[in-house]
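Put into structure tokens, the structure is as follows:
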């Protein structure tokens, strides 16, 4: 899917934005210029489809590499 920003030919990866446009949007949010909600309302971003799923999967994989027993315990406690 193409990035939803006019004039950008990048491939959308997150919130309908390519990595470059996503980074620019995120930088504007970090400095307080806007919010994700405002960008969504202006049609410059989509709502997240899988809130934090990529980060959660990465964090879990990292914890598993660093301390596999912690992940095994968490999976057991969560019934996974």
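Residue numbers (the UniProt record's numbering): 1 to 80.
Cβ atoms here follow ideal geometry from the backbone N, Cα and C, with glycine treated the same way.
Note that this is a predicted model, so its numbers are computed, not measured.
Just to confirm before moving on: does the CB-CB distance between residue i and residue j stay below 9 Å?
{"i": "residue 39", "j": "residue 27", "result": "no"}
{"i": "residue 18", "j": "residue 5", "result": "yes"}
Return the chain-ordered list of same chain residues with a C-beta closer than 7 Å to the C-beta of residue i, the five sequence neighbours on each side being excluded.
{"i": "residue 15", "result": "22, 45, 46, 48"}
{"i": "residue 34", "result": "28"}
{"i": "residue 36", "result": "29, 45"}
Please list, in chain order, all residues of the same chain as residue i whose beta carbon is under 6 Å from its beta carbon, the five residues on each side excluded.
{"i": "residue 1", "result": "12"}
Please classify residue i: is it buried, with 16 or more other beta-carbons within 10 angstroms of its beta-carbon, or exposed?
{"i": "residue 72", "result": "exposed"}
Please identify the residue among the options whose C-alpha is closest to the C-alpha of residue i.
{"i": "residue 20", "options": "36, 59, 3", "result": "3"}
Task: 4-residue-minimum alpha helix (DSSP H) runs that sit fully inside the segment 3-70, ordered along the chain - done: 19-30, 36-41, 53-66
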